[in-house]
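Here the protein sequences come in this chain order: A and B.
Number 146 in our numbering belongs to position 157 of the first sequence; there are no gaps in the numbering.
Number 19 in our numbering belongs to position 30 of the second sequence; there are no gaps in the numbering.
Read the structure below first, then the notes.
2 protein chains.
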Amino acid sequence: MTQVLTEQVVEPAVQAWTRLLRASASTTRLLSAELQEEHGLTINDYEALLVLSRAEDRRLKRVELARNLMLTPSGITRLLQGLEDAGLVERASCATDLRVTYAKLTDAGLEKLKAASGGHVASIRSLFEEHFADEEIRAIAEILGKLPGVADGDDSCEPT
Amino acid sequence: MTQVLTEQVVEPAVQAWTRLLRASASTTRLLSAELQEEHGLTINDYEALLVLSRAEDRRLKRVELARNLMLTPSGITRLLQGLEDAGLVERASCATDLRVTYAKLTDAGLEKLKAASGGHVASIRSLFEEHFADEEIRAIAEILGKLPGVADGDDSCEPT
DNA sequence: GGTGTACTATTGAGTACGCAAAGAAGACTA
DNA sequence: TAGTCTTCTTTGCGTACTCAATAGTACACC
Chain A
-10 MTQVLTEQVV EPAVQAWTRL LRASASTTRL LSAELQEEHG LTINDYEALL
40 VLSRAEDRRL KRVELARNLM LTPSGITRLL QGLEDAGLVE RASCATDLRV
90 TYAKLTDAGL EKLKAASGGH VASIRSLFEE HFADEEIRAI AEILGKLPGV
140 ADGDDSCEPT
Chain B
-10 MTQVLTEQVV EPAVQAWTRL LRASASTTRL LSAELQEEHG LTINDYEALL
40 VLSRAEDRRL KRVELARNLM LTPSGITRLL QGLEDAGLVE RASCATDLRV
90 TYAKLTDAGL EKLKAASGGH VASIRSLFEE HFADEEIRAI AEILGKLPGV
140 ADGDDSCEPT
């Protein structure tokens, strides 16, 4: 147990993990501040609106949304509470299964998403393209997509 | 998820960003639960101990630690409060600049780190190696390291 | 020396989660 | 029909942060 010093053989997985953590933290910090300031949305607010906008009928079971956003059910309840209060999302019940309630994007929600989307996407692009080459960006997406659940609701980018 | 209208050209940067978010969320969830359960440490607790263990004299200015962990100063204060209460870290003042206080790893802190490290590193390895090829792991680390601040305190992996 | 600017660290208030427990509903078995 | 098991959602409680404001200190520069 030599103290540090020696050029340690860095466990590549550990290095990758640490950097994944930090990359996520730093990019989130940046992008979140912007989205919050300009549109009053958190990143998960935005992602939720986006996912819903791409769903059939613009509605999704809460449990699906949870999987998509990597939140727990309780996180979803609270997230949607905020969006409902803001009138961006409304709840609809399911005729065939009384347990589930859908989250449905309202027209106001779609407008909000469209309004936020331009600037947000531009920020993401500029942040990534400032530091990464095109093929690096593609590599990140491709590799990280192999983690279970990550590539699920495959990401398009515009609300339309 | 066939859905929407036009097969949209997915903005690669946006896709990379979304996946980065989700990859970080899902891996963090997993690894955090384990670390918490087995050693009562959060991921940032562990990272803080690790960074300190590699620092000269096992101590670091709080502000340095903040940069390293991608936390705000107030986050650091609160993180260290917990570690101090647990006796894993102690504070030391700086002779030449009264503003700064150092965080110094105690012997107990080093022991704790060593105790947690084996299992934690093994979990990280198994999680990553289960889903990624070796060169993918290296690619993640290399690419994400280009983000400012991410590759800073360059990560070795063992405490010792 | 005083004065302004730039750090460093802490605190109060607020937030976005997570976990565990609980209720309500479907689904299978008998 | 009842009994049990699973699934979906919400709630209480706890926590790990953030931001904004504060206070102490350092270092100009005149």
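For every residue, glycine included, the Cβ atom is placed at its ideal position computed from N, Cα and C.
Distance between residue j and residue i (C-alpha atoms, nearest Å)
{"i": "Leu41 of chain A", "j": "Leu24 of chain A", "result": "18 angstroms"}
{"i": "Ala12 of chain A", "j": "Ala44 of chain B", "result": "22 angstroms"}
{"i": "Thr(-9) of chain A", "j": "Pro62 of chain A", "result": "Note that Thr(-9) of chain A scores 43 on pLDDT, short of 50, meaning its location in the model is unreliable and no value can be drawn from it."}
{"i": "Asn33 of chain A", "j": "Lys103 of chain A", "result": "15 angstroms"}
{"i": "Glu100 of chain B", "j": "Ala14 of chain A", "result": "28 angstroms"}
{"i": "Ala97 of chain B", "j": "Phe117 of chain A", "result": "41 angstroms"}
{"i": "Glu36 of chain B", "j": "Leu87 of chain A", "result": "45 angstroms"}
{"i": "Leu69 of chain A", "j": "Ala81 of chain B", "result": "45 angstroms"}
{"i": "Leu54 of chain A", "j": "Ile65 of chain A", "result": "7 angstroms"}
{"i": "Gly134 of chain A", "j": "Leu39 of chain B", "result": "29 angstroms"}
{"i": "Glu119 of chain B", "j": "Cys83 of chain B", "result": "45 angstroms"}
{"i": "Ser21 of chain A", "j": "Glu73 of chain B", "result": "31 angstroms"}
8 angstroms Cβ cutoff met for residue i and residue j
{"i": "His28 of chain A", "j": "Ala105 of chain A", "result": "yes"}
{"i": "Leu94 of chain B", "j": "Val110 of chain B", "result": "no"}
{"i": "Thr90 of chain A", "j": "Arg51 of chain A", "result": "yes"}
{"i": "Ile129 of chain B", "j": "Phe121 of chain A", "result": "no"}
{"i": "Val(-1) of chain B", "j": "Ile113 of chain A", "result": "no"}
{"i": "Ile126 of chain A", "j": "Pro1 of chain B", "result": "yes"}
{"i": "Leu49 of chain B", "j": "Ala92 of chain B", "result": "yes"}
With 16 other Cβ atoms within 10 Å as the buried cut-off, status of residue i
{"i": "Thr16 of chain B", "result": "buried"}
{"i": "Glu(-4) of chain B", "result": "Here Glu(-4) of chain B scores only 48 on pLDDT, less than 50, and its place in the model should not be relied on; the value that follows carries that caveat. That one is exposed."}
{"i": "Arg47 of chain A", "result": "buried"}
{"i": "Arg8 of chain A", "result": "buried"}
{"i": "Glu26 of chain A", "result": "exposed"}
{"i": "Gly76 of chain A", "result": "exposed"}
{"i": "Gly107 of chain B", "result": "exposed"}
{"i": "Leu19 of chain B", "result": "exposed"}
Residue i - DSSP class collapsed to helix/strand/coil
{"i": "Met(-10) of chain B", "result": "The predicted model places Met(-10) of chain B with a pLDDT of 44, which falls under 50 and marks its position as unreliable; any figure quoted below should be read in that light. Met(-10) of chain B falls in the coil class under three-state DSSP."}
{"i": "Glu118 of chain A", "result": "helix"}
{"i": "Glu79 of chain A", "result": "strand"}
{"i": "Lys135 of chain A", "result": "coil"}
{"i": "Ala92 of chain A", "result": "strand"}
{"i": "Leu153 of chain B", "result": "The question about residue 153 of chain B has no answer here: the residues shown for chain B are numbered -10 through 149."}
{"i": "Leu49 of chain A", "result": "strand"}
{"i": "Asp86 of chain B", "result": "coil"}
{"i": "Asp141 of chain A", "result": "coil"}
{"i": "Glu124 of chain A", "result": "helix"}
{"i": "Glu100 of chain A", "result": "helix"}
{"i": "Leu69 of chain B", "result": "helix"}
{"i": "Leu60 of chain A", "result": "coil"}
{"i": "Val3 of chain A", "result": "helix"}
heavy atom of the ligand MN below 7 angstroms from residue i C-beta
{"i": "Gln70 of chain B", "result": "Although the ligand MN was asked about, the structure shown includes no ligands whatsoever."}
**Report entry** Complete alpha helix (DSSP H) runs within the stretch 14 to 43 of chain B (minimum length 4 residues, chain order)
**Finding:** Listed in chain order, the alpha helix (DSSP H) elements of length 4 or more contained wholly in the stretch 14 to 43 of chain B are 32 to 43.
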